[in-house]
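Enquirer: Just so you know, we're using my numbering here: the sequence shown kicks off at 8 and counts up by one.
Just so you know, even glycine gets a beta-carbon here, dropped at the ideal spot from N, CA and C.
Take a look at this one; I'll ask things after.
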Amino acid sequence: MHVSRKEFYLVPIIEFIETVPKEISERVSLSVGKDMEAAISVFSRLQVSTVQAFGLATKDSQDEGATRESSFVLLQFVNALKSLQARGIEESSKSLSNVMLCREDKDVCYRLYLLQGLNVDTCDVRREEKVSLCQCALVALQQLHLTKRLPLVQELLLREKAVTLSQVKSLLEFTLWGPADVTLGGPREREVALQRWLDLERATILHALVRTRAPLTITDEYQLLFLVRTSAKTMCEASILLDEQRNRSVCDISNDPQMSSYTNRHGAYASVFRAEHANLTGYTSAYGNTSTYVSSDVYQQRYDNGYPAVASHAMATLGKSSATGREVVKRTTLIASGN
């Protein structure tokens, strides 16, 4: 795939100036004269999509791979926004019309590109609304249907600080490629453990690249950049942010009146339900007074050995919480006490 020296920009095979045909100018509602000339750019054959179209195609998928692919698209977009930020650009099109996803037939994942590299500035021509870069990232988060899955990303973007895009980038990278099997303690122990993991991962990936000499995919490129550019300190900060978000989720569940009432009626088993329910749900979060609960019907399999009545009542209790806007999503497994 042809990529220019400027990241996120496509290099055309050829460019030329041509008068825009009337049927095209009318279709795109260009408020210009009859004999408008435009720069025509010809690219190699690619599959083209938009962020919104990609999000619609994957929004109903329960596959973890689809979520990772959507998160990867968001990571690319955040990197593109950071490149604009580095050039002193603080606003972009709210509609994301200047963003496209392309891939060749042999590719699995899309590569994200920006259209500002062309001679036509679509924002000026169509007089589209421009918003801050963080707000653009929020639009992408919503179009990719990741708001509920990545509540911490939404929370960071709403703050709109100078370091927000960098924080979101680190968070997404850690979620995609960070260690899943490393025990993380306090800040010092955590950073040491992450540094050890990072050194080992760098050596492992480098050895694999030298041995296989396989061509890199877009995901390989980004994972390598993550391993080369990140630090144990950056990963530590990202993991702490995730822990803080999880802890807030636990507090939200613990302070819920219905859950407290349930605990009073059913004692220790309800406490186990609440603790495990919160512990296994990393993306449970609160939006104002409306909480999102994540639970599962597969709990029944775990409770067949002695706690079916308690589990059934727990699901019924959560399921009746629609009055406050709560949603029961069948995702995580409830583990019974003593199993």
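Does the beta-carbon of Thr241 have 16 or more other beta-carbons within 10 angstroms, so that it is buried, or is it exposed?
Expert: On the sequence shown, position 234 is the one that residue 241 refers to. So Thr241 counts as buried.
Enquirer: In the DSSP assignment, what residue or residues form a beta bridge with Lys89?
Expert: Taking the sequence shown and counting its residues from 1, one reaches residue 89 at position 82. Paired residues: none, contrary to the question.
Enquirer: Please report how far the alpha carbon of Met107 lies from the alpha carbon of Ala87, in whole angstroms.
Expert: Looking up residue 107 in the sequence shown gives position 100. Looking up residue 87 in the sequence shown gives position 80. One C-alpha to the other measures close to 12 Å.
Enquirer: Quick test of your reading: Leu183 and Thr171, contact by CB under 8 Å. State the CB separation rounded to the nearest angstrom.
Expert: Here residue 183 is taken as the residue at index 176 of the sequence shown, counted from 1. Here residue 171 is taken as the residue at index 164 of the sequence shown, counted from 1. Not quite, the Cβ-Cβ distance comes to about 19 Å (not below 8 Å), so this is no contact.
Enquirer: Exposed or buried, which one is Ser68 when buried takes at least 16 other CB atoms within 10 Å?
Expert: To locate residue 68, count along the sequence shown from 1; it is residue 61. So Ser68 ends up on the exposed side.
Enquirer: Can you list, in chain order, the residues of its chain whose CB lies under 8 Å from that of Leu82, leaving out five sequence neighbours each side?
Expert: Numbered from its first residue, the sequence shown carries residue 82 at position 75. Counting only Cβ-Cβ distances below 8 Å, and skipping sequence neighbours, we find Lys176, Leu179, Glu180, Leu183 and Tyr229.
Enquirer: By the 10 Å Cβ neighbour count, where 16 or more other Cβ atoms means buried, how is Phe15 classified, buried or exposed?
Expert: Start at 1 with the first residue of the sequence shown, and residue 15 comes out as number 8. With 16 or more other Cβ atoms within 10 Å, it is buried.
Enquirer: Taking the C-alpha atoms as reference points, what is the distance between Val27 and Ala93?
Expert: Position 20 of the sequence shown, counted from the start, is the residue given in the question as residue 27. Position 86 of the sequence shown, counted from the start, is the residue given in the question as residue 93. Going from the Cα of Val27 to the Cα of Ala93 covers about 34 Å.
Enquirer: Assign Tyr16 to one of three DSSP states: helix, strand, or coil.
Expert: Along the sequence shown, read from residue 1 onward, the residue named residue 16 stands at position 9. Reduced to three states, the DSSP call for Tyr16 is coil.
Enquirer: Quick one: what's Cys109 bridged to in DSSP?
Expert: Here residue 109 is taken as the residue at index 102 of the sequence shown, counted from 1. Bridge partners of Cys109: Val55 and Arg118.
Enquirer: Along the chain, where does the beta strand (DSSP E) containing Lys155 start, and where does it finish?
Expert: Taking the first residue of the sequence shown as 1, we reach residue 155 at position 148. Taken as a continuous stretch (DSSP letters only), Lys155 belongs to no beta strand (DSSP E), as it is neither H nor E.
Enquirer: Would you kindly work out how many angstroms separate the C-alpha atoms of Val18 and Phe50, rounded to a whole number?
Expert: As a first step, residue 18 is located in the sequence shown; it is residue number 11 there, counting from the start. As a first step, residue 50 is located in the sequence shown; it is residue number 43 there, counting from the start. Val18 and Phe50: Cα-Cα distance of roughly 7 Å.
Enquirer: Flag this pair as yes or no: are the beta carbons of Lys101 and Lys137 separated by less than 8 Å?
Expert: Along the sequence shown, read from residue 1 onward, the residue named residue 101 stands at position 94. Along the sequence shown, read from residue 1 onward, the residue named residue 137 stands at position 130. Yes; because the gap between Cβ atoms is below 8 Å, this pair is in contact.
Enquirer: Thinking C-alpha only, which one of His152, Gln59, Leu91 and Lys29 is nearest Ala45?
Expert: Stepping through the sequence shown from its first residue, residue 45 is reached at position 38. Of His152, Gln59, Leu91 and Lys29, the residue nearest in Cα terms is Lys29.
Enquirer: In the DSSP assignment, the alpha helix (DSSP H) including Phe181 goes from what residue to what residue?
Expert: As a working note, residue 181 is residue 174 in the sequence shown. Thr171 to Trp184 is the extent of the alpha helix (DSSP H) around Phe181.
Enquirer: Could you have a look at Ile96 and say whether DSSP puts it in helix, strand or coil?
Expert: Here residue 96 refers to the residue found at position 89 when the sequence shown is read from its first residue. Three-state result, Ile96: coil.
Enquirer: Go ahead and label Val235 buried or exposed: buried means 16 or more other beta carbons lie within 10 angstroms of its beta carbon, across all protein chains shown.
Expert: As a first step, residue 235 must be located in the sequence shown, where it is residue number 228. By the 10 Å Cβ count, Val235 comes out exposed.
Enquirer: Would you identify the three-state DSSP class for Glu44, choosing helix, strand or coil?
Expert: Against the sequence shown, residue 44 aligns to sequence position 37. The answer is strand: DSSP assigns Glu44 an E or B state.
Enquirer: With a threshold of 16 other CB atoms inside 10 Å of the CB of Phe84, please say whether the residue is buried or exposed.
Expert: As a working mapping, residue 84 is identified with position 77 in the sequence shown. So Phe84 ends up on the buried side.
Enquirer: DSSP state of Ser139, grouped into three classes?
Expert: To locate residue 139, count along the sequence shown from 1; it is residue 132. Strand at Ser139.
Enquirer: On the CB-based measure, 16 or more other CB atoms within 10 Å of its CB, does Gly348 come out buried or exposed?
Expert: Only positions 8 to 346 of the chain appear in this structure, which leaves residue 348 out of reach.
Enquirer: So what's Glu25 in DSSP terms, helix, strand or just coil?
Expert: Numbered from its first residue, the sequence shown carries residue 25 at position 18. The answer is strand: DSSP assigns Glu25 an E or B state.
Enquirer: Going by beta carbon distance, what residues of the same chain come within less than 7 Å of Phe23, once the five residues before and after it are set aside?
Expert: Translated into the one-based positions of the sequence shown, residue 23 becomes position 16. Closer than 7 Å at the Cβ level, and outside the excluded window around Phe23, lie Ile47.
Enquirer: Considering only their Cβ atoms, is the gap separating Gln202 from Ala245 smaller than 8 Å?
Expert: As a working note, residue 245 is residue 238 in the sequence shown. As a working note, residue 202 is residue 195 in the sequence shown. Contact flag unset, no.
Enquirer: Just curious, the alpha helix (DSSP H) that Ala210 is in, first and last residue?
Expert: Here residue 210 refers to the residue found at position 203 of the sequence shown. Per DSSP, Ala210 belongs to the alpha helix (DSSP H) from Pro194 to Thr219.
Enquirer: I need the straight-line Cα distance from Ile20 to Trp204, nearest angstrom please.
Expert: Numbered from its first residue, the sequence shown carries residue 20 at position 13. Numbered from its first residue, the sequence shown carries residue 204 at position 197. The straight-line gap from Cα to Cα measures roughly 43 Å.
Enquirer: Quick test of your reading: Leu122 and Asn105, contact by CB under 8 Å. State the CB separation rounded to the nearest angstrom.
Expert: On the sequence shown, position 115 is the one that residue 122 refers to. On the sequence shown, position 98 is the one that residue 105 refers to. About 4 Å separates the two Cβ atoms, so the contact holds.
Enquirer: Just grab the DSSP bridge partners of Val49 for me.
Expert: Taking the first residue of the sequence shown as 1, we reach residue 49 at position 42. Paired residue(s): Ile21.
Enquirer: Got a sec, what are the start and stop residues for the alpha helix (DSSP H) Leu231 sits in?
Expert: As a first step, residue 231 must be located in the sequence shown, where it is residue number 224. Ile225 to Arg236 is the span of the alpha helix (DSSP H), which, as asked, contains Leu231.
Enquirer: Note down, in chain order, each residue of its chain lying with its Cβ closer than 7 Å to the Cβ of Leu91, except the 5 sequence neighbours on either side.
Expert: As a position in the sequence shown, residue 91 is number 84, starting the count at 1. Taken in chain order, the residues that qualify are Ser99 and Leu140.
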